[in-house]
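Each remark here refers to the structure printed beneath this line.
In our numbering, the protein residues as written are 1 to 256.
What follows is the structure, encoded as structure tokens:
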């Protein structure tokens with residue numbers, strides 16, 4: 001609701017990453033009614049110190065605090081904080097969502113998982129190495145091939161972005177990248193845990209636990225392994241679920 005030179009915002013948002021550390025937040029607020037659901041949405045910046053904002057922590061399955069539920073109770077935000085035009089927030093949102101879909105593929109994380117698997121392959125265990133077992137090397141090779149395909153797709157999406165290409169095909173590619181990247185994160189993380197065998201991934205402490213016992217085998221490589229695996233269960237949900245991404249792709253499959 002607009003009141004003179006301010007918008008008065010009421011509502012709540014869940015799964016707000018790092019809201020407890022943020023100085024500002026951007027919101028999509030409804031400022032008008034329209035038959036089209038996408039119309040009447042406004043994009044606005046809000047100072048987190050504004051009276052009426054409450055941040056409630058959510059501790060996720062990985063035992064960390066990076067998520068929150070955020071409440072807005074008669075929060076007065078200057079109209080000057082508006083981004084773009086009133087009611088034009090959906091256009092901005094589509095641009096940001098496509099970038100988010102592409103970045104959640106998280107190529108650096110995939111590269112790190114690759115390094116961990118290679119280190120595990122080379123580590124001696126019971127007089128041999130995992131790298132000498134065909135079943136392990138075949139799966140690792142398949143994951144590495146998929147990783148390289150994702151790296152090429154990242155370059156393609158980046159090139160389209162630099163060229164100012166915001167076509168439906170570009171959005172579909174962002175969704176494809178999100179699906180393949182996040183699913184591969186889960187698969188490689190699970191494979192890493194399976195490959196540890198009897199050592200038991202839950203035995204490996206988090207870097208935040210202050211573990212002072214005898215070091216476990218490969219602890220320098222496997223530290224935080226269980227915490228990471230728990231966190232990656234959410235990758236196919238946040239930023240738009242895989243089901244939503246497949247819907248976007250299906251609508252644009254004839255426009256490439």
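Glycine included, each C-beta is placed from N, C-alpha and C at the ideal position. The structure presented is a predicted model; accordingly, all values stated were derived computationally and were not measured.
- Rounded separation between residue 232 and residue 158 - CA only: Approximately 24 Å between the Cα atoms of the pair.
- Message: Comparing C-alpha positions only, which one of 66, 89, 22 and 7 sits nearest to residue 42?
- Response: Residue 89 is the option with its Cα nearest to residue 42.
- Looking at residue 110 and residue 258, is the spacing between their C-beta atoms short of 9 Å? Examination of residue 258 is not possible in this model, given that the chain is present from 1 through 256 alone.
- What residue range is occupied by the uninterrupted alpha helix (DSSP H) comprising residue 325? An answer regarding residue 325 cannot be provided, because it is not within the stretch 1 to 256 covered by the chain.
- Message: Rounding to the nearest angstrom, what Cα-Cα distance links residue 150 and residue 161 in this structure?
- Response: Roughly 16 Å between the two C-alpha positions.
- Query: Under 9 Å, do residue 6 and residue 79 count as touching if we go by C-beta distance?
  - Reply: One thing to note: residue 6 has its Cβ within 9 Å of the Cβ of residue 79.
- Message: Less than 6 Å between C-beta atoms, sequence neighbours within five positions excluded: which residues of the same chain meet that for residue 1?
- Response: So the list reads 8, once near-sequence residues are dropped.
- Evaluate the contact criterion for the segment 62-82 versus the segment 137-154: three or more CB pairs, one atom per stretch, below 8 Å. They do not touch, by the three-pair rule.
- If we call anything under 9 Å between Cβ atoms a contact, is residue 143 one with residue 191? Their beta carbons are under 9 Å apart, which means residue 143 touches residue 191 by this criterion.
- Query: Can you pull the DSSP bridge partners for residue 78?
  - Reply: 6, per the DSSP bridge assignment.
- Message: Can you give me the C-alpha to C-alpha distance between residue 17 and residue 68, rounded to a whole angstrom?
- Response: Cα to Cα, residue 17 sits roughly 6 Å from residue 68.
- Message: Using a 10 Å radius around the Cβ and a threshold of 16 neighbouring Cβ atoms, would you call residue 105 buried or exposed?
- Response: Counting other Cβ atoms within 10 Å of its Cβ, residue 105 reaches 16 or more and is therefore classed as buried.
- Query: Quick one: what does DSSP say residue 146 is sitting in, helix, strand or coil?
  - Reply: DSSP, reduced to helix, strand and coil, places residue 146 within a helical segment of the structure shown.
- Alpha carbon to alpha carbon, how far is residue 28 from residue 102? Within the model, the alpha-carbon separation for residue 28 versus residue 102 is close to 21 Å.
- Contact check, residue 107 vs residue 81 under 8 Å by CB: the rounded distance? Not quite, the Cβ-Cβ distance comes to about 34 Å (not below 8 Å), so this is no contact.
- Task: Starting from residue 58, trace the beta strand (DSSP E) both ways and give me its first and last residue.
- Result: Where residue 58 is concerned, the enclosing beta strand (DSSP E) stretches over 53-59.
- According to DSSP, is residue 171 helix, strand or coil? It is helical.
- Query: For residue 256, which residues from the same chain have a beta carbon less than 6 Å from its beta carbon, with the 5 sequence-adjacent residues on both sides left out?
  - Reply: Note that residue 256 scores 47 on pLDDT, short of 50, meaning its location in the model is unreliable; the coordinates nonetheless yield the value given after this. Counting only Cβ-Cβ distances below 6 Å, and skipping sequence neighbours, we find 169.
- Task: Run the CB neighbour count on residue 96, radius 10 Å, all protein chains shown included, and call it buried at 16 or more, exposed below.
- Result: Exposed is the call here.
- Just to confirm, are residue 184 and residue 140 a CB contact at a threshold of 9 Å? The answer is no: Cβ separation not under 9 Å.
- Task: Can you check DSSP and say which residues form a bridge with residue 29?
- Result: In the DSSP secondary-structure assignment, residue 29 is bridged to 42.
- Query: Are the Cβ atoms of residue 63 and residue 227 separated by less than 9 Å?
  - Reply: Yes; because the gap between Cβ atoms is below 9 Å, this pair is in contact.
- Task: Note the first and the last residue of the continuous alpha helix (DSSP H) segment covering residue 248.
- Result: Unbroken alpha helix (DSSP H) run through residue 248: 242-252.
- Query: If you count every other CB in all the chains shown that lies within 10 Å of the CB of residue 14, and 16 or more means buried, which is it?
  - Reply: The residue is exposed, with fewer than 16 neighbouring Cβ atoms inside 10 Å.
- Give a yes or no on whether 9 Å exceeds the smallest Cβ distance from residue 66 to chain D. Protein chains in the displayed structure number just one, and chain D is not present.
- Task: Could you round the C-beta distance between residue 130 and residue 119 to whole angstroms and report it? I think they count as a contact, below 8 Å.
- Result: At roughly 10 Å, the Cβ-Cβ gap does not stay under 8 Å, so residue 130 and residue 119 are not in contact.
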